[in-house]
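The sequence shown lines up with residues -27 to -1, 1 to 256 when you count with mature numbering (1 follows the signal peptide of the UniProt record, and there is no 0).
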Amino acid sequence: MRSRRLGLAAVALGLAVAMATGGPASASGAYSFAGVTDWDKDGSQDIIARDPGGDLWLFPGEATRAVAGAQPVQIGLGWNGYTFTGLADWDNDGNQDIIARDVAGDLLLFPGNSTRGVPDAQPVQIGLGWNGYTFAGITDWDKDGNQDIIARSLSGDLWMFPGQSKRGYSTAAPVQIGTGWNGYDFAGITDWDKDGNQDIIVRGTTGDLSLFPGESVRGYSSQPPVLIGSGWNGYDFAGAADWDNDGNADLIARKTNNDLWLFPGDSTRGVSGQDPVMIGTGW
């Protein structure tokens, strides 16, 4: 990657303050990202983010490297005080859900309904005692058909918390899958290299971006990390997903000037040859 070039490119989504009427108003880069997923099941990846007032917004994507014309839609309010775990179809009902931790350390499932509106299902508590964890994201890490949570403890250990596709507590025991993870910022979890296994992308303290390839096991991966970029300090990550629908996973991140960028991937374990593209301002 040439500097922040993961090999990626951009789309001005026309979001935030740059949106026409009907969009949320954000002050200087104050959006908190819940993640990137196809929330409304239209075949395009979307961004879910919270504004400074605590309102939750859906920013519909259009699977292009161009400005999207869709207006953002408010899908919730009163979300201040929550730490986002990630987005996934946790209960396996075909709809994407939000998982978040409240200030008490309880973990809550907010079921989605695949609409551009406020979901009608009530949140469900699925865990407690989660304060002190930093979330990498949610994915089917072990390929058993259930979504799992990947999180780092205060000691720097990385843990997999297996899900069971239900609206309730999982009875599966957590599994340690790594050590020495303090000092990393999580960029996203996705099958970056298209080998069928979910991978973790992180930024180190020097600004280097690294790919940690997974092996779909409940245990340590034997694969060494791979450098896939440099110069990434100053970015806040929205998530990893195939934003432009070209079959390759991409990264979406916000710069310190609050511009939003799409960094297209090319499914390799190395520096992508794709150029980044700006996809929004005022984030």
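For each residue, glycine too, the CB sits at the ideal point set by N, CA and C. Fair warning: this is a prediction, and the values are worked out from it, not measured in the lab.
Would you call the CB atoms of residue i and residue j closer than 9 Å?
{"i": "G90", "j": "I48", "result": "yes"}
{"i": "L60", "j": "W12", "result": "yes"}
{"i": "R227", "j": "W256", "result": "yes"}
{"i": "Q69", "j": "K14", "result": "yes"}
{"i": "S203", "j": "D181", "result": "yes"}
{"i": "N170", "j": "P186", "result": "yes"}
{"i": "S126", "j": "G105", "result": "yes"}
{"i": "V199", "j": "S183", "result": "yes"}
{"i": "R74", "j": "W52", "result": "no"}
{"i": "G253", "j": "L233", "result": "yes"}
Nearest to residue i by CA position, among the options, is which residue?
{"i": "W114", "options": "I123, N230, I99, L82", "result": "I123"}
{"i": "D62", "options": "F6, A36, S138", "result": "S138"}
{"i": "V9", "options": "G27, D15, G34", "result": "G34"}
{"i": "A211", "options": "L235, Q196, Y193, G202", "result": "L235"}
{"i": "G67", "options": "G85, S194, T107", "result": "G85"}
{"i": "R38", "options": "R125, P237, P186, S245", "result": "P237"}
{"i": "D130", "options": "Y157, G136, Y142", "result": "Y157"}
{"i": "Q120", "options": "L50, P197, N65", "result": "N65"}
{"i": "T229", "options": "Y208, R140, G177", "result": "Y208"}
How far does the beta strand (DSSP E) with residue i in it reach, from first residue to last?
{"i": "W132", "result": "131 to 134"}
{"i": "D70", "result": "70 to 74"}
{"i": "L31", "result": "29 to 32"}
{"i": "Q47", "result": "46 to 49"}
{"i": "D209", "result": "209 to 214"}
{"i": "Q137", "result": "Q137 -> no beta strand (DSSP E), and no H or E assigned at all."}
{"i": "Q149", "result": "148 to 151"}
{"i": "G8", "result": "5 to 10"}
{"i": "R176", "result": "172 to 176"}
{"i": "S195", "result": "Element bounds for S195: n/a, residue is neither H nor E."}
### Message
Between the segment 207 to 221 and the segment 158 to 165, can you find at least three pairs of beta-carbon atoms closer than 8 Å?
### Response
yes
### Task
With a floor of 4 residues, list each alpha helix (DSSP H) that falls wholly inside the segment 80 to 128, ordered by position along the chain.
none
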